[in-house]
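Counting along the sequence shown from 1, when you hit position 99 you're at 99 in full-length UniProt numbering, and nothing is skipped either side. Note sheet for the following structure.
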Amino acid sequence: MQIVQREGFLSLYKGLGAVTAGIVPKMSIRFSSFEYYKESLAKREGGTASSASIFLAGLGAGATESVLVVTPMDVVKIRLQAQHHSMTDPTDIPKYRNAAHCMYVMVREEGIASLYKGVNLTVLRQGTNQAANFTVYEFLKTRLYTLQPDVKDTLPPWQTFVIGLVSGACGPLFNAPLDTIKTRIQKNPSTDRGWTRFVNISKSIIKNEGYLAFYNGLTPRILRVAPGQAVTFMVYERVYSWVSNLSQSLQIEDIQKAGLQATDPNET
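Below you can see the structure in the form of structure tokens.
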């Protein structure tokens, strides 16, 4: 309520542009890289990926999306959310007008490397997040198939939604301290680098705010991430099933055409 009173209702949506601009490529990279890593690891295990392989595939998927999309998107989002100005007062002009302008100003004033502040922690956060996310999801998915032997195709949408909701909550629970430190690093410019900055921020949080401060914002993060993961998994499973069925149908048609051509007496 204080934010709304001070900066207006629209201030609750600061950083939304950066999120929406990055969500499609992020999800595309996440699932395509996960399937690639999963299949590659499964080939070494006789065709079926173990829980350890799924964990590693999720870890790799999270790391991949971090480098390509998530880190720049997060840095811009945090900068936009951190600037205090009234969105109802036209005379109060913010430094960053929108996501694109924020990125432009940051590159101009601080260099392109500024978009990758905290990249190592982002890779670690997203990697552990998706490792937990995919491992829990695949485990629950397998259990549901075991409990429902009559289900041969894709699980009902409501079931993928529920297990996606559960798995989506596991990531934030697993790595909340990392996310808190990463946010502090990206929010505040500093000459400190790498491990030194990580340690200094960690000590500062413990000294000034206590250990529980590492879990600040956990509830809203779960409320944001878990439903998003639930919807994402539900849609992904339906699209994946549709594409797989379409691919199989096309393959069958090609085989049938090849068979007809082979038996056609007029074919030379």
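Don't be surprised by glycine CBs; every beta carbon is placed ideally from N, CA and C.
Counting only the same chain and skipping the five closest in sequence on each side, list residues whose C-beta sits under 6 Å from that of R221.
Close CB contacts of R221 within its chain, under the 6 Å cut and outside five residues either way in sequence, are with P172 (chain order).
Taking only the alpha-carbon atoms, compute the straight-line gap between G15 and V24 and give it to the nearest angstrom.
Low local confidence applies: a pLDDT of 49 at G15 is under 50, so the model's placement there is unreliable, with the coordinate-based value given in what follows. Those two C-alpha atoms are separated by around 16 Å.
DSSP state of S50 mapped onto helix, strand, coil:
For S50, the three-state secondary structure derived from DSSP is coil.
CA-to-CA distance, P94 to S28, given in whole angstroms:
S28 and P94 have their C-alpha atoms roughly 33 Å apart.
Taking 8 Å as the threshold, find out whether the segment 164-178 comes into contact with the segment 134-151 through three or more Cβ pairs.
Taking a cut-off of 8 Å on C-beta distances, the segment 164-178 touches the segment 134-151, as three or more cross pairs fall below it.
Where does A57 land, buried or exposed, given buried means 16+ other C-beta within 10 angstroms?
A57 is classed as buried because its beta carbon has at least 16 other beta carbons within 10 Å across all chains shown.
Validate contact between the segment 112-130 and the segment 69-79 using beta carbons, cut 8 Å, 3 pairs
Segments in contact, yes.
Going by beta carbon distance, what residues of the same chain come within less than 7 Å of D74, once the five residues before and after it are set aside?
Here the set comprises T122, Q186.
Pick out the complete alpha helix (DSSP H) segments inside the UniProt repeat "Solcar" (52-143), 4 residues or longer, and give them in chain order.
Annotation: the UniProt repeat "Solcar" (52-143) contains the following complete segments of the alpha helix (DSSP H) (minimum length 4 residues), in chain order: 71-82, 99-110.
The ligand COA heavy atom lying under 8 Å from the CB of G111:
Among the ligands in the structure shown, none appear at all, so the ligand COA cannot be discussed.
Just how far apart, CA to CA, sit L250 and Y240?
Their backbone Cα atoms lie some 15 Å apart in a straight line.
Closest by CA to Q130, which one among V105, N200, I54, Q248?
Considering only alpha carbons, the answer is I54.
Straight-line CA distance for A226 to T160?
Rounded to the nearest angstrom, the gap between the Cα atoms of A226 and T160 is 12 Å.
Determine the DSSP secondary structure at E209, reduced to helix, strand or coil.
Correct three-state label for E209: coil.
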